[in-house]
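Undergrad: Which chain is which? The protein sequence lines are V and X, in order.
If you count by numbering that gives the first Met the number 0, then the first sequence holds residues 0 to 369, one letter each, in order.
If you count by numbering that gives the first Met the number 0, then the second sequence holds residues 0 to 188, one letter each, in order.
Note that beta-carbon positions come from the ideal geometry of N, C-alpha and C, so glycine has one too.
All values derive from a computational prediction rather than experimental measurement.
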Amino acid sequence: MAMMARDALAHRPAFWLWAAACLLGAWVAFRGIGAHVAAFPGGAIAGVALLAPTLAGAVWIVRRLHPVRSRPLGYALIAVAWGGLAAFGTALPANAAFQAVIGKTAGPGFNSTWGAAIAAPVDEEILKLLGVVVLALMAPSAVRGPLDGWGYGALSGLGFQFAENFLYVLNTIVLTGATQDANAAFFSFGSRVVGGAWWSHWAMTAVGGAGLGCLIGRVSRTNLAAAAGALVLAMALHSWWDAPVLSGLALMPVKGAPILVAAIVAYRLARRRYLSHFRRTVNAETASGVFVPGEGHVLAFRKWRRKERWDVPAGEPRRLLSRLRATELDLIEDGLGGLEPDPLAADRLRADIRDLRHDLRASAANPRVA
Amino acid sequence: MARVRWWGTGVVALVLLVLGAGLPLLDEALGDRGRPLAPGTVLSAGTERDGVRPVTFTVPSAGWVLNRAETSLTNNIELTSDDVVFNLSVVIPLGPLDAGRLWDGLGRIVAAGGHSRLRTQPAPITTAHGLTGLTGRLAGPERAGTAAVFARDTLGATVTASGPPRAFRDVAGQVEAMTRTVRIAAPWR
Numbered sequence: 000m001a002m003m004a005r006d007a008l009a010h011r012p013a014f015w016l017w018a019a020a021c022l023l024g025a026w027v028a029f030r031g032i033g034a035h036v037a038a039f040p041g042g043a044i045a046g047v048a049l050l051a052p053t054l055a056g057a058v059w060i061v062r063r064l065h066p067v068r069s070r071p072l073g074y075a076l077i078a079v080a081w082g083g084l085a086a087f088g089t090a091l092p093a094n095a096a097f098q099a100v101i102g103k104t105a106g107p108g109f110n111s112t113w114g115a116a117i118a119a120p121v122d123e124e125i126l127k128l129l130g131v132v133v134l135a136l137m138a139p140s141a142v143r144g145p146l147d148g149w150g151y152g153a154l155s156g157l158g159f160q161f162a163e164n165f166l167y168v169l170n171t172i173v174l175t176g177a178t179q180d181a182n183a184a185f186f187s188f189g190s191r192v193v194g195g196a197w198w199s200h201w202a203m204t205a206v207g208g209a210g211l212g213c214l215i216g217r218v219s220r221t222n223l224a225a226a227a228g229a230l231v232l233a234m235a236l237h238s239w240w241d242a243p244v245l246s247g248l249a250l251m252p253v254k255g256a257p258i259l260v261a262a263i264v265a266y267r268l269a270r271r272r273y274l275s276h277f278r279r280t281v282n283a284e285t286a287s288g289v290f291v292p293g294e295g296h297v298l299a300f301r302k303w304r305r306k307e308r309w310d311v312p313a314g315e316p317r318r319l320l321s322r323l324r325a326t327e328l329d330l331i332e333d334g335l336g337g338l339e340p341d342p343l344a345a346d347r348l349r350a351d352i353r354d355l356r357h358d359l360r361a362s363a364a365n366p367r368v369a
Numbered sequence: 000m001a002r003v004r005w006w007g008t009g010v011v012a013l014v015l016l017v018l019g020a021g022l023p024l025l026d027e028a029l030g031d032r033g034r035p036l037a038p039g040t041v042l043s044a045g046t047e048r049d050g051v052r053p054v055t056f057t058v059p060s061a062g063w064v065l066n067r068a069e070t071s072l073t074n075n076i077e078l079t080s081d082d083v084v085f086n087l088s089v090v091i092p093l094g095p096l097d098a099g100r101l102w103d104g105l106g107r108i109v110a111a112g113g114h115s116r117l118r119t120q121p122a123p124i125t126t127a128h129g130l131t132g133l134t135g136r137l138a139g140p141e142r143a144g145t146a147a148v149f150a151r152d153t154l155g156a157t158v159t160a161s162g163p164p165r166a167f168r169d170v171a172g173q174v175e176a177m178t179r180t181v182r183i184a185a186p187w188r
């Protein structure tokens, strides 16, 4: 199955664009900061040692931020890699050029005060959000609605956040005159991660991703407006964070709160929409006899699906049960839409469910699924 | 629907191209857009408090141009005169700062730039306003220059100036005069 999925990805042009953009981004980033990494190895190692576990933990949490099933690790890593390599590597020259243009046209005084608040939101929010678009083009089943857009937007933002935080470790070393490399890494980590990670790139791109997810799920004028509105909101939140108001460590929570609230509200709305579709589909499929009564309850919770497997003999029956549940969830999510809707997919999935249920019954497994 | 695979990917590539290459091209097209500075112009850098930036210096003579693209008043100011580049950077220490450590740190920062290196054994320097620091030569392939560091308890400044040897020789006196006008307001927290 995994091999088939990899083959399917490799047949899509978006996969090769993703790979090329990530490689190019890594090369640009290496050219931009490689010399500083070599010059300040202690600070760079301290930075990676602090940031890498944080990224791993954050990716784990965002993957789990789904009411029914965790996001596949492979898709999550595709989004993280886009944010950390492709988006970050492109943002380096784009931001530098944009700020240089502002400096040349409006003056260095204006640029030092407002340059970041103007350039970074435009460049970075678009670049990070492209991670959701590329994933939807590579694997249309991965992004079917606002909840998927929210999750993969957040993951792309997390990748970007990690790379940018590492850049700031190096910048802090330079800003402190390269006199205390390790302390600079700890200071940067404290201010940008402990104090600022809660409302940083992941939250802004999650908001933009939720809107984009609406449009990818189903193209309509309303969803186009939702996607555009969410992108503008993400840019506005980013600009607010970079603006020279409420500066200082003590005011960080006050400044960051609107960003975190926006991300939470976007998640709650996306989750509600997903669950309402989930319940509607479960009822319809139960009425038509595809699902057995009570099955929707088991499907809705990871814990119940896990417990249910304990009642089934290990080996083939347990594998069949896992496949049955995954196929049922695929059927439910198929109705959400996506970039390449397949009108025959639902019937195919229903047939698969019937076959799997038959096989499971034949293997004398849990009678509840029969 | 398979068509979306192609045009969708094309749109993503186009956006990447516009941001990653279009903006740098626009920047190039705008040219240097440097601002010529009159003798006696006072420039200041560092985080602004009550309309004042803490690190200042004075341009002593004509011919210097403010590089607006490479200047971020919060962190640094870059001036050019022909092929000579003068850069003043603000240093915000995390603990007690002294000129010796700052000189060593500047040496690593300059070396990371890849164009030149600081020579060892800096000499003491005192500015017109009594600020003390260290100064020394800076050299690289086809480049000559000087560097200086100034440290106060809560803030520091580094100065580098370099260019082709002949061009640098012509303005070396101006660079030294400019360096001797550096002031750091203190205390600054």
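In whole angstroms, give me the CA-to-CA distance for Ala146(X) and Arg107(X).
TA: Indexing the second sequence from 1 puts residue 146(X) at position 147. Indexing the second sequence from 1 puts residue 107(X) at position 108. Cα to Cα, the separation comes out at about 13 Å.
Undergrad: I'd like to know whether the C-beta of Ala160(X) is nearer than 9 Å to at least one C-beta of chain V.
TA: Against the second sequence, residue 160(X) aligns to sequence position 161. Answer no: the Cβ-Cβ gap between Ala160(X) and chain V never drops below 9 Å.
Undergrad: Using a Cβ-Cβ distance under 9 Å, would Ala146(X) count as near chain V?
TA: Locating residue 146(X) in the second sequence gives position 147, counting from the first residue. Chain V, which has no Cβ nearer than 9 Å to the Cβ of Ala146(X), makes this no.
Undergrad: Comparing alpha-carbon positions, which option in Ala141(V), Val27(V), Leu50(V) lies nearest Ala86(V)?
TA: Here residue 86(V) refers to the residue found at position 87 of the first sequence. Of the candidates Ala141(V), Val27(V), Leu50(V), the one whose C-alpha sits nearest the C-alpha of Ala86(V) is Val27(V).
Undergrad: Report yes if the CB atom of Val64(X) is closer than 9 Å to the CB atom of Ser88(X), and no otherwise.
TA: Counting from one through the second sequence, the residue named residue 64(X) turns up at place 65. Counting from one through the second sequence, the residue named residue 88(X) turns up at place 89. Their beta carbons are not under 9 Å apart, which means Val64(X) does not touch Ser88(X) by this criterion.
Undergrad: DSSP on Asn282(V), reduced to helix/strand/coil?
TA: Residue numbering aside, residue 282(V) sits at position 283 when the first sequence is read from its first letter. In the structure shown, Asn282(V) sits in a helix (DSSP, three-state: H, G or I).
Undergrad: Could one say the Cβ of Ile108(X) lies closer than 9 Å to chain V's Cβ atoms, at least one of them?
TA: The residue given as residue 108(X) occupies position 109 in the second sequence. Answer yes: the Cβ-Cβ gap between Ile108(X) and chain V drops below 9 Å somewhere.
Undergrad: If we count the other Cβ atoms within 10 Å of its Cβ and call it buried at 16 or more, is Glu163(V) buried or exposed?
TA: Mapped onto the first sequence, residue 163(V) falls at position 164. Buried.
Undergrad: May I ask you to verify whether the region 11-20 of chain V touches the region 86-100 of chain X, counting CB pairs closer than 8 Å and requiring at least 3?
TA: Contact between the region 11-20 of chain V and the region 86-100 of chain X is absent, because fewer than three Cβ pairs lie under 8 Å.
Undergrad: For chain X, is any of its Cβ atoms less than 9 Å away from the one on Phe97(V)?
TA: Counting from 1 along the first sequence, the entry for residue 97(V) is found at position 98. Closer than 9 Å to some Cβ of chain X, the Cβ of Phe97(V) qualifies, so yes.
Undergrad: Under 7 Å Cβ to Cβ from Arg349(V), same chain only, skipping five residues before and after it: list those, please.
TA: Numbered from 1 along the first sequence, position 350 holds the residue referred to as residue 349(V). The answer, listed in chain order, is Val289, Leu330.
Undergrad: Going straight from the alpha carbon of Pro38(X) to that of Ser246(V), what length do you get?
TA: Counted from its first residue, the second sequence places residue 38(X) at position 39. Counted from its first residue, the first sequence places residue 246(V) at position 247. Computed Cα separation, rounded: 35 Å.
Undergrad: Skipping 5 residues on each side, what residues in its chain have a beta carbon closer than 7 Å to that of Ile183(X)?
TA: Taking the first residue of the second sequence as 1, we reach residue 183(X) at position 184. If we look at Ile183(X) and ignore the five residues flanking it on each side, its Cβ neighbours are Pro53, Val54, Leu130, Phe149, Arg151, Leu154, Ala156.
Undergrad: Under a CB-based cut-off of 9 Å, is Val181(X) close to chain V?
TA: The sequence position of residue 181(X) within the second sequence is 182, counting from 1. Output row for Val181(X): interface = no.
Undergrad: Taking its Cβ as the centre, do 16 or more other Cβ atoms sit within 10 Å of Met3(V), making it buried, or is it exposed?
TA: Translated into positions along the first sequence, residue 3(V) becomes position 4. Note that Met3(V) scores a pLDDT of 44, beneath 50, so its modelled location is shaky; the value from the coordinates is reported in the next line. Per the 10 Å Cβ criterion, exposed.
Undergrad: Based on the DSSP secondary-structure assignment, which residues constitute the bridge partners of Asn182(V)?
TA: By one-based count along the first sequence, residue 182(V) stands at place 183. In DSSP, Asn182(V) forms no bridge with anything.
Undergrad: Based on DSSP bridge pairs, tell me the residues matched to Ile60(V).
TA: As a first step, residue 60(V) is located in the first sequence; it is residue number 61 there, counting from the start. In the DSSP output, where bridge partners are listed per residue, Ile60(V) has none listed.
Undergrad: On the three-state DSSP scale, how would you describe Ala1(V)?
TA: By 1-based counting over the first sequence, the position of residue 1(V) is 2. Summary for Ala1(V): the model assigns pLDDT 45, below 50, so the residue's position carries little reliability; its value from the coordinates is reported in the next sentence. Residue state, collapsed to three classes: helix.
Undergrad: Which value, in whole angstroms, describes the spacing of the CA atoms of Gly314(V) and Leu320(V)?
TA: Counted from its first residue, the first sequence places residue 314(V) at position 315. Counted from its first residue, the first sequence places residue 320(V) at position 321. Each residue's alpha carbon lies about 10 Å from the other.
Undergrad: Could you give the residue range of the alpha helix (DSSP H) that holds Gly207(V)?
TA: As a position in the first sequence, residue 207(V) is number 208, starting the count at 1. Note, Gly207(V): alpha helix (DSSP H), 200-216.
Undergrad: Please list, in chain order, the residues of the region 162-185 of chain V that have any C-beta partner in chain A closer than 7 Å.
TA: You won't find chain A in this structure, because its protein chains are V and X.
Undergrad: In terms of alpha-carbon separation, which member of Leu174(V), Ala115(V), Pro312(V), Lys306(V) lies closest to Leu236(V)?
TA: Within the first sequence, residue 236(V) is the residue found at index 237, counting from 1. Leu236(V) has its Cα closest to that of Ala115(V), out of Leu174(V), Ala115(V), Pro312(V), Lys306(V).
Undergrad: Considering Leu42(X), what are the terminal residues of the beta strand (DSSP E) in which it resides?
TA: Taking the second sequence and counting its residues from 1, one reaches residue 42(X) at position 43. Leu42(X) -> beta strand (DSSP E) spans 41-44.
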